[in-house]
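Numbering (the numbering used here), first residue to last: 935 to 1205. For every residue, glycine included, the Cβ atom is placed at its ideal position computed from N, Cα and C.
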């Protein structure tokens, strides 16, 4: 073959190889031996489960009397963590830190005197989305059953209104319509008086941690987990006499392992 013909043949060979490569590149890829297979991602990520909240209030108002609430509805595996603050500062900062870390909304039965002495923590509670329940000014028993003498109608209203005025001034948010009686002391007269002042719901509890009875943290966790149930309101305290604060992180983990969602009172009761 002449030199010119050889050059022409080599050029055609190069062209044919290039065409073959182009043709192969247009074919769909297959997981050939030694080639990593990467499946396409799903079109949409799976939806996250929504918080179970009653479409309407789970507890109906009763004209002329505050409704005692011991628990929420049982249709959902939801629980509310509730802390009373009426003694010292105690573990309040630790409790707020754990709630923030775990992204858990809680409710606080708040006395006006404690709020007055711990304004920085009230600000945190408000900013971090926790609810405040009116727990009176100085934790005096309205009935006198657990301590002191019974309070009259005017004294009861003064305790409620003074606390409400302070907390609204500090947070811009009302405690109404939720009231928690000091010591849990109630009678028909108390339920009428607090309703007359705008507190439609008297918030009690389903499970008392007994931290205030000086149970150690491990026993608090065991007690609450063994009694937890759908719709439960768990009562704890922030004071240094109670180890509810040190128990909280483990307790939250244990409740979630059992399938419970930890929600605000508003979400639990549909308020």
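Could you tell me which of the options sits nearest to residue i, measuring between CA atoms?
i: residue 1075; options: 1090, 1138, 1199, 1139; result: 1090
i: residue 1097; options: 1134, 1117, 1020, 1058; result: 1020
i: residue 1160; options: 1035, 1145, 1150, 1189; result: 1189
i: residue 1043; options: 1147, 1202, 992, 1139; result: 1139
i: residue 1166; options: 1078, 1194, 1113; result: 1194
i: residue 1086; options: 1023, 1141, 1123, 1173; result: 1123
i: residue 1183; options: 1050, 1132, 1030, 1202; result: 1030
i: residue 1196; options: 1172, 1051, 1010; result: 1010
i: residue 1006; options: 1147, 1185, 1018, 990; result: 990
i: residue 997; options: 1069, 1126, 1163, 1054; result: 1126
i: residue 999; options: 1088, 1121, 1103; result: 1121
i: residue 1177; options: 1028, 1052, 1092; result: 1028
i: residue 1136; options: 1163, 1067, 1174; result: 1067
i: residue 1132; options: 1145, 1146, 1111, 1141; result: 1111
i: residue 1045; options: 1141, 1073, 1034; result: 1073
Assuming residue i is part of the alpha helix (DSSP H), what are its boundary residues?
i: residue 1149; result: It is not in any alpha helix (DSSP H) - residue 1149 carries neither H nor E in the DSSP assignment.
i: residue 1183; result: 1178 to 1191
i: residue 1018; result: No alpha helix (DSSP H) contains residue 1018, which is instead part of the beta strand (DSSP E) from 1012 to 1019.
i: residue 1199; result: 1199 to 1203
i: residue 1024; result: Per DSSP, residue 1024 belongs to no alpha helix (DSSP H) and is neither H nor E.
i: residue 1118; result: Neither: residue 1118 is in no alpha helix (DSSP H) and is coded neither H nor E.
Can you round the beta-carbon distance between residue i and residue j to whole angstroms, since I take them to be within the 8 Å contact cut?
i: residue 1094; j: residue 1128; result: 7 Å
i: residue 995; j: residue 1134; result: 5 Å
i: residue 1168; j: residue 1015; result: 5 Å
i: residue 1201; j: residue 1002; result: The Cβ separation is near 20 Å, so there is no contact.
i: residue 1065; j: residue 1041; result: 4 Å
Any beta-carbon of chain D closer than 7 Å to the one on residue i?
i: residue 1156; result: Looking for chain D here will not work: only one protein chain is present.
Can you check DSSP and say which residues form a bridge with residue i?
i: residue 996; result: 999
i: residue 1005; result: 1166
i: residue 1135; result: 1001, 1112
i: residue 1196; result: 1013
Kindly indicate the opening and closing residues of the beta strand (DSSP E) around residue i.
i: residue 1140; result: Neither: residue 1140 is in no beta strand (DSSP E) and is coded neither H nor E.
Problem set entry | Complete alpha helix (DSSP H) runs within the segment 1037 to 1111 (minimum length 4 residues, chain order) | 1046 to 1051, 1053 to 1061, 1087 to 1105
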